[in-house]
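Peer 1: Structure in structure tokens, see below.
2 protein chains.
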Amino acid sequence: MPEPRHSRKTRQREAVLAELRKAKDHPTADQLYERVRKAIPRISLGTVYRNLELLAAVGAIRVVGSPGGRRYDGEMASHHHVRCTGCGRLDDVHMDVGLEMPRSARFSHNYELTGYQVEFLGLCPACVKNFSRPGRKT
Amino acid sequence: MPEPRHSRKTRQREAVLAELRKAKDHPTADQLYERVRKAIPRISLGTVYRNLELLAAVGAIRVVGSPGGRRYDGEMASHHHVRCTGCGRLDDVHMDVGLEMPRSARFSHNYELTGYQVEFLGLCPACVKNFSRPGRKT
DNA sequence: TTGCTTGCAAAGGGTTTGCATAGGA
DNA sequence: TCCTATGCAAACCCTTTGCAAGCAA
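Now the structure itself:
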């Protein structure tokens, strides 16, 4: 696969990005596909995947790996996440956690650090309620 | 699938847990399978998966969801991770980041928070070296 | 016109499941 | 003995790819 030297502006690519930008949740590729399909019925799942990969590669969107499938995040402003350990629900946390980057080689493993992301863990309101029978992990 | 009421102690389960506890990396199910196979050649991949799921459910191990596959972590002491955005390499960061939990409902989305985990991002030494041609994302 | 993109469909790879048998309590 | 756990293989996702046609630049 020869790496493309220039990427083009296509309806499909713009639709995928637009849909992700306005999404309030963190959709999977398939969920995004269903949404984009309302505007471009003949778009294919493969195209959605290819565009998500490209958009992530150029840093236009974020990928959130989670057990149960990859999710995408269209909000680029620095923010963190809360994940429900009961049902897998994921929400944004807009808060300045004012965390300092590790500077010593011992802590950073000699990585060239560029940023960080905090994932808070807990139970969402729904799972707190059903605490005795929490939803299935996703 | 009737939820088992009591879990039993089996060679396979203990071997999976032991192997993961002594692992210094964050193996995938398949990598763990290969390692456990040295002790129990006839163990099946399915058994490894089932035990990993059970062990995670009872909180004996941690699951690290990442683009490119699920990984498992046998170290339960609180720690964080550094992920290379170039090649996907994952390392531990043992450091007290002294982060305070969000208390306001606005930030916590009414979650009952139990903990948090920081993921530092950056380039590992190898990818820094090949900066012009970073390895493939995993 | 060039060569990146798309649709479609098949291929891939990781994870889950059904079932008969083995084995822990 | 009772019920959970295992081995094996098939079934199931989700994601990636090959290819011919479509379409930005």
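Quick mapping for you: the protein sequence lines, in order, are chains A and B. Quick note on the working numbering: the first sequence kicks off at 565 and runs consecutively. Quick note on the working numbering: the second sequence kicks off at 565 and runs consecutively. Ideal Cβ positions, reconstructed from N, Cα and C, are used throughout, including at glycine.
(1) Nearest-angstrom Cα distance between A/L685 and B/T592?
(2) Between which two residues does the alpha helix (DSSP H) containing A/Y675 stretch?
(3) Below 8 Å, can you find three or more Cβ-Cβ pairs linking the segment 632 to 643 of chain B to the segment 656 to 663 of chain B?
(4) Give the residues from the segment 629 to 644 of chain A that approach chain B closer than 7 Å (Cβ to any Cβ), ordered along the chain.
(5) Taking the beta carbon of B/V600 as the centre, do at least 16 other beta carbons fall within 10 Å, making it buried, or is it exposed?
(6) With distances taken between CB atoms, is the gap from B/G629 to A/G629 smaller than 9 Å?
(7) Check the Cβ-Cβ distances between B/S571 and every residue of chain A, and say whether any is below 9 Å.
(8) Under 8 Å, with one C-beta from each stretch per pair, do the segment 565 to 580 of chain B and the segment 671 to 688 of chain A reach the 3-pair mark?
(9) Name the chain B residues that come within less than 8 Å of A/Y597, Cβ to Cβ?
(10) Report the residues of the segment 673 to 691 of chain A with a CB closer than 8 Å to any CB of chain B, ordered along the chain.
(11) Under a Cβ-count criterion, where at least 16 other Cβ atoms within 10 Å of its own Cβ denotes burial, should B/G632 be classed as buried or exposed?
(12) With distance defined between alpha-carbon atoms, name the residue in B/L584, B/A624 and B/R575 nearest to B/P605.
(13) Residues of chain A with CB under 8 Å from B/D655, in chain order?
(14) To the nearest angstrom, how far is it from the Cα of B/K573 to the Cα of B/V622?
(15) If we cut at 9 Å on Cβ distances, does A/P591 have a partner in chain B?
(16) Please classify A/R575: does DSSP put it in a helix, a strand, or coil?
(17) State the beta-bridge partners of B/V657 as determined by DSSP.
(18) Would A/L584 pass as an interface residue toward chain B - the criterion being a Cβ-Cβ separation below 9 Å?
(19) Is the Cβ of B/E578 closer than 9 Å to any Cβ of chain A?
Peer 2: Let me lay it out:
(1) 22 Å
(2) Where A/Y675 is concerned, there is no enclosing alpha helix (DSSP H), given that its DSSP letter is neither H nor E.
(3) yes
(4) G629, S630, P631 and R634
(5) buried
(6) yes
(7) no
(8) no
(9) Within 8 Å Cβ-Cβ: nothing; A/Y597 doesn't reach chain B, min ~18 Å.
(10) H673, N674, Y675, E676, L677, T678, G679, Y680, Q681, V682, E683, F684, L685, G686, L687, C688 and P689
(11) exposed
(12) B/R575
(13) H673 and Y675
(14) 14 Å
(15) no
(16) helix
(17) B/H644
(18) no
(19) no
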